[in-house]
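For what it's worth, our numbering labels the leading residue of the sequence shown as 14, then goes sequentially. Heads up, the beta-carbon is just placed ideally off N, CA and C, and yes, glycines get one too. The model shown is predicted, which means the values in this text are computed figures rather than measured ones. Data block below; observations after.
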Amino acid sequence: MKRNFEENANLIFHLKKGNEQAYSFLVNYYNHRLCVYANSLINDKSLAEDIVQNVFIKTWEKRKFLIEDFSIRSFLYKSVYNEYIDQYRKNRSVTLLEKKYIEALDTIVEEDYSVLEKLYIMVQKEVHNLPPKCKNVFLLSKQEGLSNIEISEHLNVSVKTVESHITKAFCLIRERVNVKIHTITAFFILFDENKPISH
Numbered sequence: 014m015k016r017n018f019e020e021n022a023n024l025i026f027h028l029k030k031g032n033e034q035a036y037s038f039l040v041n042y043y044n045h046r047l048c049v050y051a052n053s054l055i056n057d058k059s060l061a062e063d064i065v066q067n068v069f070i071k072t073w074e075k076r077k078f079l080i081e082d083f084s085i086r087s088f089l090y091k092s093v094y095n096e097y098i099d100q101y102r103k104n105r106s107v108t109l110l111e112k113k114y115i116e117a118l119d120t121i122v123e124e125d126y127s128v129l130e131k132l133y134i135m136v137q138k139e140v141h142n143l144p145p146k147c148k149n150v151f152l153l154s155k156q157e158g159l160s161n162i163e164i165s166e167h168l169n170v171s172v173k174t175v176e177s178h179i180t181k182a183f184c185l186i187r188e189r190v191n192v193k194i195h196t197i198t199a200f201f202i203l204f205d206e207n208k209p210i211s212h
């Protein structure tokens, strides 16, 4: 049954019919990915989980309105973002940096997953080729999710040193792979929960 649900149109078809197994598959398959995405927006794991839970509930409640030729993946990511805006950003404007970052995430969500995965593998390869100290700092930041202060304390170096390593890593990756900084960061959010890079 799981194999059938992996097909987008079939999954939506069964969701519209009220198939609870299809809904369970949807939740099990996307929950962690969406929580990682939501947390990247709000930086609060508990609130991120609430956002994702609300999205799943609303998706089930409005399942009859789903369209079978829509990408359920894109629909869920956009729903998470909309829920985030509705619930937690009503009284705060989006900064230019946040806007670029969100646009990068939206672009990745819209693109074909297999194409993005190939591009991510290229980025992953260049991360492996970074100088050891630079690579370590970059992975602690983008893969482990540590703040610059946490990294500086963990490695016993200054925050400026941490910032310098991260900037250098981005520059080296961009020289070899034609992607923007915000897209590189977005890759780690959408892929890395399943594809860790060894230190």
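Open item on the list: Quick test of your reading: Val172 and Ile162, contact by CB under 8 Å. State the CB separation rounded to the nearest angstrom.
Closed with: Yes, Val172 and Ile162 are in contact; Cβ-Cβ is about 6 Å, under 8 Å.
Open item on the list: Please state the DSSP three-state secondary structure of Val170.
Closed with: Of the three classes helix, strand and coil, the one that applies to Val170 here is coil, per DSSP.
Open item on the list: Which residue marks the beginning of the alpha helix (DSSP H) containing Asp63, and which one marks its end?
Closed with: The continuous alpha helix (DSSP H) containing Asp63 extends over residues 58 to 74.
Open item on the list: Looking at chain D, is there any beta carbon in it that lies within less than 9 Å of the beta carbon of Tyr50?
Closed with: Among the protein chains of the structure shown there is no chain D, as only one such chain exists.
Open item on the list: When you compare the region 132 to 139 with the region 32 to 47, are there three or more beta-carbon pairs, one atom per stretch, that lie closer than 8 Å?
Closed with: Output reads no: the region 32 to 47 does not touch the region 132 to 139.
Task: Nearest neighbour of Ile85, chosen from Leu47, Ser53, Asn56, Glu62 [CA to CA] - done: It is Leu47 whose Cα lies nearest to the Cα of Ile85.
Open item on the list: Once DSSP output is grouped into helix, strand and coil, what is the label at Val145?
Closed with: One point to set straight first is that residue 145 is Pro, not Val, in the sequence displayed. In this structure, DSSP gives Pro145 a helical state, which the three-state scheme calls helix.
Open item on the list: With a threshold of 7 Å on Cβ separation, who are the neighbours of Glu20 within its own chain once the five nearest residues in sequence on each side are excluded?
Closed with: Result list for Glu20: empty, nothing under 7 Å.
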